[in-house]
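Taking my numbering, the leading residue of the sequence shown gets 1, the next gets one more, and so forth.
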Amino acid sequence: MQLLDGKKIAQEIKEEIAAEVLKIKGRGRKAPHLAAILVGDDGASQTYVNSKVKSCEEVGFKSTLIKLKKDITQNELITQINLLNNDDSVDGFIVQLPLPKHINEERILLSIAPEKDVDGFHPVNVGRMTLNMPGYIPATPKGILEIIKRYKIETEGKHCVIIGRSNIVGLPMSILMARKGYPGNSTVTLCHSKTRNLSEETLKADIIIAALGQKEFLKANMVKKGAVVIDVGITRIEDKTRKSGYRLLGDVDFEEVSKKCSYITPVPGGIGIMTVVSLLQNTLSAAKEEYYEKTLRFSVDEDFLP
Ligand code: NDP
């Protein structure tokens with residue numbers, strides 16, 4: 001079994017990005033700038049946003065963290081988003097999810113200008129991804145593709161089983177693994193909570209991507225010998241022996257499954273860290289205007305929002 005070391009790959013990518021930032025600055029241009037909006041005081045969300053901001057600093061990006069109270073109204077949040085949509089100094093921004101219940105996430109997502117949507121959640125970017133056109137790919141799926149590429153894992157003609165069909169992980173991953181090209185050209189089965197006999201599906205898989213959010217769900221008896229196993233799940237469990245008071249578990253029973261598979265991602269140190277780096281890559285693409293020209297400004301038309 002070989003470990004797919006997200007920490008090592010993420011460090012390599014950060015060094016590549018940092019070198020590019022130096023070149024950009026050397027040409028007299030400003031550093032790429034990522035902004036993040038955090039609504040409320042959810043502990044996990046704060047941890048995720050802080051690690052994104054810290055990573056920006058490491059590669060020489062500018063970052064701005066906008067903290068908003070949890071009782072902010074939806075319209076106030078949209079106003080804040082519009083300010084970022086129209087702020088030329090900001091290349092890309094994210095709105096950290098989940099949002100408080102009184103805010104409609106779909107409406108917020110539609111308010112973000114596609115050219116600044118470095119999370120890749122806006123339907124314009126999802127459409128571009130689906131049609132294999134250039135655009136921002138959501139950070140977690142992009143991180144999974146990158147780790148597959150860097151370890152030169154074969155995907156063509158392979159049977160890939162994905163567990164979980166969320167808009168941010170499972171669904172885009174199913175599209176990406178089935179796309180023409182590399183990584184891709186796989187035959188994909190997308191499983192979810194209504195899938196019958198899940199083990200029958202996973203036992204046929206050459207590649208398993210577990211993204212269901214149930215700690216240590218995937219056991220060795222559900223995995224074919226030699227399969228590639230990618231663990232996206234992150235569940236916090238209380239651990240009083242740790243300074244933080246918790247530790248992280250994935251969706252895969254690492255102890256058991258690692259003895260049977262060919263490659264596996266650990267948790268932590270696997271896809272989580274790759275996700276942060278992918279966001280940096282998307283921000284760099286935004287700064288370089290790789291997919292959109294900045295002159296094509298976007299503004300929200302309230303009539304088109306749900
Ligand atoms: P969601 O809760 O949005 O989706 C979970 C999916 O898993 C759903 O499609 C659900 O099916 C399916 N599911 C749930 N239980 C089962 C089951 N017993 N058998 C088969 N399918 C099941 O989760 P996310 O996609 O947002 O996140 C999944 C996990 O990945 C979480 O642990 C999350 O913390 C982690 N995550 C990690 C990231 C990273 O950076 N590494 C980034 C994003 C998420 P149905 O649709 O039928 O309800």
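A virtual CB, placed ideally from N, CA and C, is assigned to each residue, including glycine.
**OP:** Consider the C-beta atom of I163 and the heavy atoms of the ligand NDP; say whether any pair is separated by less than 7 Å.
**Re:** yes
**OP:** Drop a sphere of 10 angstroms on the beta-carbon of R165, count the other beta-carbons inside from all chains shown, and report buried for 16 or more, exposed for fewer.
**Re:** buried
Original post:
To the nearest whole angstrom, what separates the beta carbons of Y48 and Q96, a pair I think is in contact under 8 Å?
Top reply: 7 Å
**OP:** Determine the contact status of A139 and D119, defining contact as a CB-CB distance below 8 Å.
**Re:** Yes, these two residues count as a Cβ contact at 8 Å.
Original post:
T202 and M222: beta carbons closer than 8 Å?
Top reply: yes
Subject >> Residue burial classification, E15 (beta-carbon count within 10 angstroms, cutoff 16) >> reply: exposed
Original post:
When we look at the beta-carbon of G43 and count the other beta-carbons within 10 Å, is it buried (16 or more) or exposed?
Top reply: exposed
Original post:
Going by beta carbon distance, what residues of the same chain come within less than 6 Å of Q74, once the five residues before and after it are set aside?
Top reply: I103
**OP:** Return the Cβ separation of G40 and P100 in integer angstroms, given the expectation that the two are a contact with Cβ distance under 8 Å.
**Re:** 6 Å
**OP:** Quick one: residues in its chain with C-beta nearer than 6 Å to the C-beta of V267, no 5 flanking neighbours on either side, listed in chain order?
**Re:** D231, L248, G250
**OP:** Determine the DSSP secondary structure at K62, reduced to helix, strand or coil.
**Re:** strand
Subject >> Own chain residues within Cβ distance below 8 Å of I13, not counting five before or after >> reply: Excluding positions up to five away in sequence, the list reads E146, V277, L280, Q281.
Subject >> Opening and closing residue of the beta strand (DSSP E) in which G92 lies >> reply: 92-95
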